[in-house]
Ligand SMILES: [Zn+2]
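The following block contains the structure:
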């Protein structure tokens, strides 16, 4: 019997290592030169930015298992699965237009990052993975994250800094009537709760740290890791660590 499945592409690169997301020895395998999406852990299927984020959470917030963690728009793989399984205070949220914010649907809390329903200083750790490039009003989101963080808390996130040293570009905004105004050719990324995908609103550069400071008053460290032993190598996998000071 013939099969309609094309043969798997050949392995371009592979190495043995230890995966920070599934916590075991594994083989990392790339069958496509774009490692960012294709250099996967053969056990858990995680990709480099997810392993970089988990590595940073372990190092910067080692007490995360006992923390109140809010993750916006978890992707159901890698670091999200580990946080959900092992942190007793984990709250995952998605934005559902037809559900009152702050209520739960199918185990997910409905939250709009630009207008969170969490009380002031009630969250230890906010986590976002490739979310901030889809927000229409990221200044409001960073401000809300800062408001809801406990002193000593952190926002640890990945976001593709595709513009690098160039200034951040706004790609789409909301007009006064609420309609989307495209300032360049629309680009969409996969969305776990929508088949339509998520529109890219910002092509961020390294100036995101200054943007966060201006929006929230908080300082951000940008961490770039290249650690083959943990399967961490790819473009655009900087991890941003924003801290709220204790006093
Ligand atoms: Zn893994």
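Residue numbers (this note's numbering): 32 to 278. Using N, Cα and C, we set each Cβ at its ideal position, and we do this for glycine too.
_Bridge partners - residue 231, DSSP secondary structure assignment_ = Within the chain shown, the letter at position 200 stands for residue 231. Beta-bridge pairing links residue 231 to no other residue.
*Give the range of the alpha helix (DSSP H) segment to which residue 112 is assigned.*
Residue 112 sits at position 81 when you count from the first residue of the chain shown. Looking at the DSSP string, the run of the alpha helix (DSSP H) that includes residue 112 is 110-117.
*For ligand 1, any of its heavy atoms closer than 7 angstroms to the Cβ of residue 225?*
For the purposes of this step, residue 225 is identified with residue 194 of the chain shown, where counting begins at 1. No - ligand 1 has no heavy atom lying nearer than 7 angstroms to the Cβ of residue 225.
*residue 212 bridges to which residues according to DSSP?*
Walking along the chain shown from the start, residue 212 turns up at place 181. Note: residue 212 sits in a beta bridge opposite 204.
*Which value, in whole angstroms, describes the spacing of the CA atoms of residue 46 and residue 192?*
For this step, residue 46 is matched to residue 15 along the chain shown. For this step, residue 192 is matched to residue 161 along the chain shown. Residue 46 and residue 192: Cα-Cα distance of roughly 27 angstroms.
*Can you tell which of 216, 225, 226, 268 has its C-alpha closest to the C-alpha of residue 237?*
For this step, residue 237 is matched to residue 206 along the chain shown. Of the listed residues, the one whose Cα sits closest to residue 237 is 268.
_First and last residue of the uninterrupted alpha helix (DSSP H) at residue 89_ = Taking the first residue of the chain shown as position 1, residue 89 is located at position 58. Segment 79-91, the alpha helix (DSSP H) holding residue 89.
_Please report the distance separating the alpha-carbon of residue 273 from that of residue 61._
Sequence index remark: in the chain shown, residue 273 carries index 242 (1-based). Sequence index remark: in the chain shown, residue 61 carries index 30 (1-based). Rounded to the nearest angstrom, the two C-alpha atoms are 31 angstroms apart.
_Cβ-Cβ separation, residue 81 to residue 52 (assumed contact under 8 angstroms), whole Å_ = As a working mapping, residue 52 is identified with position 21 in the chain shown. As a working mapping, residue 81 is identified with position 50 in the chain shown. Rounded, the Cβ-Cβ distance is 6 angstroms, consistent with contact.
_Going by the DSSP bridge assignment, what does residue 219 pair with across the sheet?_
As a position in the chain shown, residue 219 is number 188, starting the count at 1. According to DSSP, residue 219 bridges with 230.
*Integer Cβ distance of residue 270 from residue 233, believed to fall under 8 angstroms*: Residue mapping note: residue 270 aligns to position 239 of the chain shown, counting from 1. Residue mapping note: residue 233 aligns to position 202 of the chain shown, counting from 1. That pair is no contact at about 18 angstroms.
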